[in-house]
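Engineer: Under UniProt numbering, the first sequence has 247 at position 247, and the numbering climbs by one with no breaks.
What follows is a single structure, and I will ask about it in a moment.
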Amino acid sequence: MELSTGIILEILNGATPEKPTFQVINAKKIESSNTVDRYRLLLSDGEYVYSHVMLAAQLNKMWENNEVPNMSVIEATRYLCNKLQGDKRVIILLDLKVLASGSDVKCKLGNPTQLNPNSIPTSTPKPAMDSGINEQKAAVFKPQNNNNTALSTGNTTVQQTHQVNSLEKKSLTPGTPNSRVHSIASLTPYQNRWRIRARVTMKSNIRTWSNSKGEGKLFNCNLLDDSGEIRMTGFKEQVDKFYDMLELNKVYYISRCTLKTANKQYSNLNNDYEMTMNPETVIEPCNDDSDLPVISFDFVKLSELEQCKPPTSVDVIGVVKVCNDVNSVVGRQSQKEILKRDLQIVDQSGLAVSLTLWGDEANKFDGQGFPIVAVKGARLSDFNGRSLSVSGSSQLIVNPDTKEAHVLRGWFESGGRDQNFSSYQSEGGSGGGQSSNWKTFLQVKSENLGQGEKADYYTAKGTVVFVKKDNCMYQACPTADCNKKVVDLGNGQYRCEKCCREFPNHKWRMILSCNVADHTDNQWITCFQDSAEGMLGMKADELGQLRETDEMRFDQVLQDALFKSYIFRMRAKVETYNDESRLKTVCVAANNVDWKEYGNQLISQIAQLGI
DNA sequence: CCCCCCCC
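Okay, structure coming up:
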């Protein structure tokens, strides 16, 4: 256990040694108009005690949990020294580790003297050879604690080495101190002098707002360097000053923004802080940008969206196969009219997915010539299975000059455009809003599908093992939209009670009860007209004729329907008759198995097992 | 100082 003797003075004079150790003599909560409590510490390095020490608010809980009782020896893992007005200097502890609890140390180490914050002596830089002097100092230093805590001095040589290292890490360019460039990851609200060099990886449109607090305009952009990303927002005057100057993908020197804690609710960037431009903000273009990372995409194939759990953000790239006209909707909450345009994008995975653009971006989008769109951070929802939207934090790039885009273009022009594409949209219309939700029949039971207030939709591959012949079809009202069963009046007339009319004819409607099996279980399902006709390979009217004229052939049609496999889309809901409840499963669609697609589905299910 | 990301 060592205190970094004399280190406080060096830090106050601008040194930035790594991981200095201190003793916390005292801590007190300061009164603040701010909603956040702040702690002020009395910190000792064994030689001096300094009182202008603040704790970054995120460390408050260590004190609130009594993890750092007075007299604890700590290592300052991250810290800053800021100059305030009047040349006052304050040390801010950003991150720390307790090396020895005050409950063990119990007393003040060494015999430190109080530093007067208003007259801090300049520490003369000590050359490496000077360490002997330091050791002399150490000899003078008398630890009062004589238990097992041996105290020694900080080693100046080592400290200076650390200092050089840490400056190297911060890309200190030889020359004036002003040429120092900070990394984005090092920015905190506790610094007041910094400059970053960063690439613009997202630039929003200019938006306006109007609320009870006022109105104005703003934009934001994301900045990237090799240490991380940060969001930057500009309001009003700063919009006028910097919006046109900041270009997507270009690199700038940026300084003097206001740092604040990021509201994670609205930011998908990996940074605890974000920054706001202010009247002091300086932004200068930087032309030498080759060393900085460029906007990077982590593209998800459109077929892989199935495995993404909405709502989430994804990077996607696709060819705009369909570009719908721009139209407008009224926002449910805002009650404002918003322009929108739906695109349908496709890729080599054979999927077509809807991508919605909003506002100005929707208005200005030109869908001519099947453009390629890449979206960083598109919002994925489960509407119609899967849908994408370009949200405020997304960046849309049209016809990017990237390898992925060229490969995609090549595929599209050499036959991809003529391909048939699958969609996540559930067949049969009424199952919207769900993903395909693949289930086995055993899962349907074990997961209690259909027990909720709303019906559950799921997709299953199954084989027809039994078809009920009785009551599989009925005579229905011939009116186009009426499927009501008619009464055969026996005189060649059929009466529909719903339409209150008699007709000389009727149509045939089907209600086919089938038992369908997969490798786990079986399930009784009800198939109405369209799916039943498909499974029997015959139109209901023809089948009705057959039933009346040639029962053997009719039986054969039902027989031939057995042991065929389909991809079933089901609607499951528990229904209760006479106090008896049972799961009713309606087949919304029965599609022939596309073995390639189904194989891919199985592959992705296997992938989801994470084996 | 925004922070809605909309609608079907």
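Every residue, glycine too, gets a C-beta built ideally from N, C-alpha and C.
Using a Cβ-Cβ cut-off of 6 Å (strictly less than) and excluding sequence neighbours within five positions of Leu449, which residues of its own chain qualify?
Structural biologist: If we look at Leu449 and ignore the five residues flanking it on each side, its Cβ neighbours are Asp456, Ala572.
Engineer: Quick one, are the C-beta atoms of residue 621 and Arg332 less than 8 Å apart?
Structural biologist: Nothing in the structure corresponds to residue 621, since the chain is present only between 1 and 611.
Engineer: May I have a chain-ordered list of the alpha helix (DSSP H) segments no shorter than 4 residues that lie completely inside the UniProt domain "OB" (195–273)?
Structural biologist: Runs of the alpha helix (DSSP H) inside the UniProt domain "OB" (195–273): 236–242.
Engineer: Indicate the three-state DSSP secondary structure (helix, strand or coil) for Leu187 in the structure shown.
Structural biologist: In the structure shown, Leu187 sits in coil (DSSP, three-state: anything other than H, G, I, E or B).
Engineer: Taking its Cβ as the centre, do 16 or more other Cβ atoms sit within 10 Å of Tyr50, making it buried, or is it exposed?
Structural biologist: With 16 or more Cβ atoms within 10 Å of its Cβ, Tyr50 is classed as buried.
Engineer: Straight-line CA distance for Lys250 to Asp87?
Structural biologist: Each residue's Cα considered, the two are about 37 Å apart.
Engineer: Determine the direct distance from the alpha carbon of Ala590 to that of Gly369, and round the result to whole angstroms.
Structural biologist: Each residue's alpha carbon lies about 36 Å from the other.
Engineer: Mapping the DSSP letters down to three states, classify Thr576 as helix, strand or coil.
Structural biologist: If DSSP states are grouped into helix, strand and coil, Thr576 belongs with the strands.
Engineer: Let me know the secondary structure DSSP gives Val105 once reduced to three states.
Structural biologist: Val105: helix per DSSP, three-state reduction.
Engineer: Do Cys482 and Ile525 have their C-beta atoms closer together than 8 Å?
Structural biologist: No. Outside cutoff.
Engineer: Alpha carbon to alpha carbon, what distance is there between Val314 and Leu380?
Structural biologist: Cα to Cα, the separation comes out at about 7 Å.
Engineer: Let's test the definition: count the other Cβ atoms within 10 Å of the Cβ of Leu609 and tell me whether it reaches 16, buried, or not, exposed.
Structural biologist: That one is exposed.
Engineer: List in chain order: all unbroken beta strand (DSSP E) runs of 3+ residues lying wholly within the segment 268–314.
Structural biologist: For the segment 268–314, whole beta strand (DSSP E) runs of length 3 or above, ordered along the chain, are 273–276, 282–286.
Engineer: Identify, in the order they occur along the chain, each residue of the same chain with its Cβ nearer than 7 Å to the Cβ of Ala517, setting aside the five sequence neighbours on each side.
Structural biologist: Only Gly462, Thr463, Val465 meet the Cβ criterion.
Engineer: Whose C-beta lies closer than 6 Å to the C-beta of Ile254 among residues of the same chain, with five residues either side of it excluded?
Structural biologist: Excluding residues within five positions, the ones whose Cβ falls inside 6 Å are Ile196, Ile283.
Engineer: So, helix, strand or coil for Phe22, using DSSP?
Structural biologist: In the structure shown, Phe22 sits in a strand (DSSP, three-state: E or B).
Engineer: To the nearest angstrom, how far is it from the Cα of Cys81 to the Cα of Ser44?
Structural biologist: The alpha-carbon atoms of Cys81 and Ser44 are separated by roughly 15 Å.
Engineer: Give me the Cβ distance between Ala540 and Met473, rounded to the nearest whole Å; I'm assuming they're in contact under 8 Å.
Structural biologist: Sure, about 6 Å apart at Cβ, within 8 Å.
Engineer: With three or more beta-carbon pairs closer than 8 Å as the criterion, would you say the segment 544–561 touches the segment 486–501?
Structural biologist: The segment 544–561, when compared against the segment 486–501, does not touch it at the 8 Å Cβ threshold.
Engineer: Answer with buried or exposed for Asn406, where buried requires no fewer than 16 other C-beta atoms within 10 angstroms of its C-beta.
Structural biologist: As written in the sequence, residue 406 is His, which differs from the Asn given in the question. The residue is exposed, with fewer than 16 neighbouring Cβ atoms inside 10 Å.
Engineer: Assuming Pro371 contacts Val320 (C-beta within less than 8 Å), just tell me the rounded distance between them.
Structural biologist: So it is a contact: roughly 5 Å between Cβ atoms.
Engineer: Thinking Pro293 and Leu224 are a contact (beta carbons under 8 Å), I'd like their distance in whole angstroms, please.
Structural biologist: At roughly 6 Å, the Cβ-Cβ gap stays under 8 Å, so Pro293 and Leu224 are in contact.
Engineer: For Ser123, is the beta carbon positioned less than 7 Å from some heavy atom of the ligand FAD?
Structural biologist: As presented, the structure is devoid of all ligands, the ligand FAD included, so that no description of it is given.
Engineer: Give a yes or no on whether the C-beta atoms belonging to Thr188 and Leu99 are separated by under 8 Å.
Structural biologist: No, the Cβ-Cβ distance between Thr188 and Leu99 is not below 8 Å.
Engineer: Taking Cβ positions, are residue 631 and Arg386 nearer each other than 8 Å?
Structural biologist: The requested residue 631 does not occur in the structure, where the chain is confined to residues 1 to 611.
Engineer: For Gly392, collect the residues of the same chain with a Cβ closer than 7 Å to its Cβ; drop the 5 residues on either side in sequence, then sort them by chain order.
Structural biologist: So the qualifying residues of the chain are Ser204.
Engineer: Measuring CB to CB, does Thr440 end up less than 8 Å from Arg569?
Structural biologist: The answer is no: Cβ separation not under 8 Å.
Engineer: Cα separation between Leu93 and Tyr243?
Structural biologist: The alpha-carbon atoms of Leu93 and Tyr243 are separated by roughly 35 Å.
Engineer: Quick one: what's got a C-beta closer than 6 Å to Leu343's C-beta in the same chain, skipping five residues either side?
Structural biologist: The residues are Val320, Cys323, Leu355.
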